[in-house]
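Residue numbers (the working numbering): 194 to 554. So the structure is just underneath, and the comments pick up after that.
Next comes the structure, spelled out in structure tokens:
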């Protein structure tokens with residue numbers, strides 16, 4: 194088993210210094226304990242016993258998470274939920290549970306690197322479906338079907354999509370589920386941006402009606418809490434749930450008691466924080482869209498949900514990003530996510546986004 198360095202982490206380490214602004218950040222607005230907890234709640238954390246927790250995660254935390262899905266999966270419950278240390282552990286655990294040497298995983302390119310790189314760690318092969326800008330980054334079912342062989346084990350999707358901001362329709366997802374069912378494939382749904390529905394378009398995927406589907410989500414993105422290492426996976430597949438929990442006993446074992454407590458408070462008041470952060474995203478997207486319209490050498494497909502967008506520059510990208518870095522603004526090139534050409538990723542979750550944009554105007 195061999196693990197390659199994540200491309201964007203290597204990119205960060207190669208920088209000569211830290212920039213004041215990062216307009217490619219994929220997380221929502223940064224929060225502190227004082228922002229999300231009352232004085233009484235912070236004080237109460239001092240008396241929490243710092244002991245091992247349960248492998249599956251605190252029951253009240255899983256109940257709070259389940260409420261995010263209760264309307265679309267009323268037949269499921271906390272028994273189908275497992276708490277993990279972010280989506281990183283979630284995706285690792287899913288793939289470790291289902292993949293064997295020689296298997297194939299099909300997914301879209303560009304993508305977040307772990308989706309395309311993790312299969313190789315288990316001796317499997319990732320087969321990419323190339324998303325096209327002229328098709329507004331929308332894939333076709335036929336393109337996925339064309340990649341299926343007798344070695345195919347899973348299809349992995351991410352909607353809203355990183356880095357393009359593309360959103361898969363439920364009609365498309367239903368057709369994909371039918372395709373997976375026909376070939377006995379697992380369906381891995383990376384849903385880390387699915388609660389960032391700033392336009393109210395209903396972008397949350399519904400896939401768990403399929404018994405070989407599993408979703409992964411996290412507090413890092415919509416909630417803006419990457420420092421609270423709480424993510425989760427959910428599936429109606431009992432064997433897969435058991436395998437993931439068994440694997441967790443070899444890895445993180447359980448979550449931090451403090452992280453779980455913070456997560457409980459946040460998720461019991463999820464609606465308010467989601468609405469607050471989505472308003473920030475919406476305002477920043479409108480601001481950036483005006484920025485693009487004023488520059489005929491920039492183009493993009495404005496995202497309808499999520500936190501991210503992919504932008505094309507007719508100016509040479511390396512020189513442009515160096516120019517912006519000298520103005521204290523960091524931007525990630527599209528090559529880090531598996532797309533060639535002069536593309537860069539923009540993230541819209543931060544409150545300082547207008548100041549960053551002003552620096553490069």
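Even glycine gets a Cβ: it sits at the ideal position worked out from N, Cα and C. All values derive from a computational prediction rather than experimental measurement.
query, result
"Output yes or no for whether 9 Å exceeds the beta carbon distance between residue 216 and residue 287.", "no"
"Using DSSP with H/G/I as helix, E/B as strand and the rest coil, what is residue 521?", "coil"
"Just checking my contact of residue 314 with residue 202 at CB under 8 Å: how many whole Å lie between their CB atoms?", "Their Cβ separation, rounded to whole angstroms, is 16 Å, which puts residue 314 and residue 202 out of contact at 8 Å."
"Please say whether residue 220 and residue 377 have beta carbons closer to each other than 9 Å?", "no"
"Bridge partners for residue 383 per DSSP, in chain order?", "351 and 409"
"Throw me the rounded Cβ distance for the residue 204 and residue 529 pair, which I believe falls under 8 Å.", "6 Å"
"Of all the alpha helix (DSSP H) runs that stay within the bounds of the region 235 to 304, which reach a length of 4 or more residues?", "252 to 259 and 279 to 291"
"Could you name the residues of the same chain whose beta carbon sits closer than 6 Å to that of residue 319, not counting the 5 residues immediately before and after it, in chain order?", "298, 309 and 312"
"Assuming contact is defined by CB atoms lying nearer than 9 Å, are residue 412 and residue 428 in contact in what I supplied?", "no"
"Are the beta-carbon atoms belonging to residue 275 and residue 246 less than 9 Å from one another?", "no"
"So, using beta-carbon positions, are residue 292 and residue 283 closer together than 9 Å?", "no"
"Would residue 369 pass as a contact of residue 391 if the rule is Cβ separation under 9 Å?", "no"
"Closer than 8 Å: is that where the CB of residue 523 sits relative to any heavy atom of the ligand GTP?", "Among the components of this structure there are no ligands whatsoever, and the ligand GTP is therefore not found."
"State whether the region 530 to 548 contacts the region 494 to 513, with contact taken as three or more CB pairs (one from each stretch) at a distance under 8 Å.", "yes"
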